[in-house]
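Peer 1:
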Amino acid sequence: MSLDAPAEDLLRELAPQVLGVLVRRHGQFDACEDAVQEALLAATVQWPVDGLPDHPFGWLLTVADRRLIDHWRSERARRNREERLAAQAPADEQVAPAPDGEPAGARDDALTLLFLCCHPALSGASQVALTLRAVGGLTTAQIADAFLVPEATMAQRISRAKQRIKAAGGRFGTPAGPDAVERLRAVLHVLYLIFNEGYTASSGPDLHRTDLTAEAIRLTRAIHRLRPDDGEIAGLLALMLLTDSRRAARTGADGALIPLAEQDRTRWHAESIREGTDLVTDALTWGPPGPYQVQAAIAAVHAEAARAEDTDWPQILALYRLLAHLSPGPMVTLNRSVAAAMVHGPQAGLDLLDTLAGDERMAGRHRVWAVRGHLLELAGDREAAREAYRTAARRTTSLPERRYLEIRAARVGGSA
Amino acid sequence: MKFMLLIYNRPGFVEELSEAERTELFGEVDAIMAELTASGELLGGEALADPAQTRTVRVRDGVPAVTDGPFMEAKEHFAGYLLVECESTERATDIAARWPDARRWAMEVRPVMSESGTEM
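Top to bottom, those sequences are chains Z and L. The opening residue of the first sequence carries number 0 in numbering that gives the first Met the number 0; numbering runs sequentially from there. The opening residue of the second sequence carries number 0 in numbering that gives the first Met the number 0; numbering runs sequentially from there.
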């Protein structure tokens, strides 16, 4: 027997809240995180048999707390701590849960946990793994499955990440001052990475990986609820929704990639587009926009065009100019060159692309060659376009992209 | 990014090493494997049997031709691989450079293709 979907959703929503209470009570993020994982596993075994407990939050907290104490008890070196804990326990138990079974402030803990999981001492891959486990409530096996690595490897990454946080003196608290902006940016970036990992997974055998997009949206929605007045959180949520709205249309039945201009727009998810557009339209009125809001705005302009030829390219170009000002980078220049070509003709795009020639961050990257091929094709230089597509195909490490680029190279023709 | 590090060496060279050299070689390999396991970069790896146990299969006009070998005195053969996931190509190259076979023969660093892709 296994948990039904609503019970699993509930479990995953409660996981960071339980963890938050434990860390507040005992400190020691690493040990508490292990205890919560054990409680989650216990729930997936017992709930289908015994039924959903009356107070799921209290049930998980009690089990996790007990595991934690068992763990400490088994460690001789922790004897002193155990005595203190035993003395404190009755007082702790008297912190009665609110009528809905959750103590006040528990939801805020999700955000505090995110700050901890996205600690600057960790690599991006570790931040992602730890976030999915501690905040997302996924098991190590599920995360390993989603990232196509052995479970032992993922377990090692998570345990090492926790050791690093401990060694770096990571604390359970909301960062303050100028640090806070930087840390929130790191959190949003990790959520974006999780989203992207799921979104770029093709359909078919990799379908389970697309759950990561749903997970990223769920977590971003949760922190949007906690900080509804933060424009960049709203912007990121909008960007995810608008991007995800195209998921069904972005690949063909055989898994082949379909570019934006050729997608069947009737297959775009209207509800996600509406929600994403409303979110970003609203957020843009709050003050100076951030990069996620601008990217969401670009996605919204694409989404409002019923046909590719109805796209408001001048507006998209203006938004890319703004984005280049807010967060300059080669990827922005790359996308901007496509918009410039659509407004001012292919040569304008190619000129902009040439400015990337000396940029080491783009050296060897296939995307520059893919865009160059596209712009050369628009300009009617078929032979050069074919060469550019071929170069791009040789440089990508993505199978669907390589297939797409090879087809492009064949289709553009020209003399061999 | 995932990389396969292909190990090339001469078959049977280990027999020609002194005991001290062998101990040092295996020590180096163990140390790198331990490091990659601890860092969460190691995804897998295998060593291949002596090339004498190879069978080469070719199908021509629907007819399979299976031959034993190659038996020729191969100077270098594909001896095994490591599968790693690293933050960068540079990191994968560093690992390859530290693998002992790189000093006498060669290591190849090959990016592994993924099924993920972005529409353009």
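From the three backbone atoms N, C-alpha and C, an ideal C-beta is built for every residue, glycine too. Small disclaimer: the values here were computed from a predicted structure and weren't measured.
1. Pick from E308/Z, H365/Z, G357/Z and R371/Z: whose alpha carbon is nearest that of V337/Z?
2. Could you check whether the Cβ of A200/Z sits closer than 7 Å to any Cβ belonging to chain L?
3. With 7 Å set as the bound, which would you pick, yes or no: does the beta-carbon of V148/Z sit closer than that to a beta-carbon of chain L?
4. As a quick exercise: from P119/Z, P47/Z, L241/Z and V300/Z, pick the residue whose alpha carbon is nearest that of A213/Z.
5. In its own chain, which residues sit with a C-beta less than 8 Å from the C-beta of E18/L, not counting the 5 before and 5 after it?
6. Taking the straight line between their C-alpha atoms, what separation do you get for L375/Z and P313/Z?
7. Check whether the region 320–339 of chain Z touches the region 349–369 of chain Z, taking contact to mean three or more Cβ pairs, one atom from each stretch, closer than 8 Å.
8. Give the residues from the region 90–110 of chain L that approach chain Z closer than 8 Å (Cβ to any Cβ), ordered along the chain.
9. Taking the alpha-carbon of A101/L as reference, which of R57/L, V58/L, C85/L and G79/L has the nearest alpha-carbon?
10. Which residue from G26/L, L81/L, R97/L and E118/L puts its Cα closest to that of L47/L?
11. Quick one: grab the DSSP three-state call for E107/L.
12. Spell out the partners DSSP gives E84/L in its beta bridges.
13. Quick check on P258/Z - is its C-beta less than 7 Å from some C-beta in chain L?
14. Would you list the one or two residues that DSSP bridges to Y7/L?
15. How should A133/Z be labelled, buried or exposed, when 16 other C-beta atoms within 10 angstroms of its C-beta is the threshold for buried?
16. If you reduce the DSSP assignment to three classes, tell me which class G372/Z lands in.
17. Does A369/Z get closer than 7 Å to chain L when you measure Cβ to Cβ?
18. Check the Cβ of A37/L against every Cβ in chain Z and list those closer than 9 Å, keeping chain order.
19. Buried or exposed for M32/L, please, with buried defined as at least 16 other CB atoms from any protein chain shown within 10 angstroms of its CB.
20. Under 7 Å between C-beta atoms, does M3/L make it to chain Z?
21. At 7 Å on the CB atoms, spell out the chain Z contacts of E84/L, in chain order.
22. Taking A179/Z as the reference, give the member of F114/Z, A237/Z, T138/Z and E150/Z with the closest Cα.
23. As an exercise, report each continuous alpha helix (DSSP H) stretch of at least 4 residues that is fully enclosed by the region 102–151 of chain Z, in chain order.
24. Note down, in chain order, every chain Z residue with its Cβ under 7 Å from the Cβ of L42/L.
25. Below 7 Å CB to CB, which residues in the same chain sit around L283/Z once its five sequence neighbours on both sides are set aside?
26. With 7 Å as the threshold, decide whether the Cβ of M119/L is near any Cβ in chain Z.
27. So for E45/L, helix, strand or coil by DSSP?
28. Run the CB neighbour count on S1/Z, radius 10 Å, all protein chains shown included, and call it buried at 16 or more, exposed below.
29. So which residues on chain L does P399/Z lean against when the C-beta distance must stay under 8 Å?
30. Would you identify the three-state DSSP class for L256/Z, choosing helix, strand or coil?
31. Under 7 Å between C-beta atoms, does R394/Z make it to chain L?
32. So S113/L packs on S397/Z, CB below 8 Å; how close in whole Å?
33. When you compare each of P52/Z, A154/Z, V189/Z and F146/Z to Q36/Z by their alpha carbons, which one comes out closest?
34. Beta carbons nearer than 9 Å to chain L: which residues of the region 109–140 of chain Z have them?
Peer 2: Taking the definition as stated:
1. R371/Z
2. yes
3. yes
4. L241/Z
5. none
6. 21 Å
7. yes
8. P110
9. G79/L
10. L81/L
11. strand
12. K1/L
13. yes
14. F77/L and A105/L
15. buried
16. helix
17. yes
18. Q155 and R159
19. exposed
20. no
21. V148
22. F114/Z
23. 107–116, 123–129 and 139–145
24. V148, P149 and T152
25. Q292 and A296
26. yes
27. strand
28. exposed
29. E114, S115 and G116
30. strand
31. no
32. 5 Å
33. A154/Z
34. S122, G123, A124, S125 and A128
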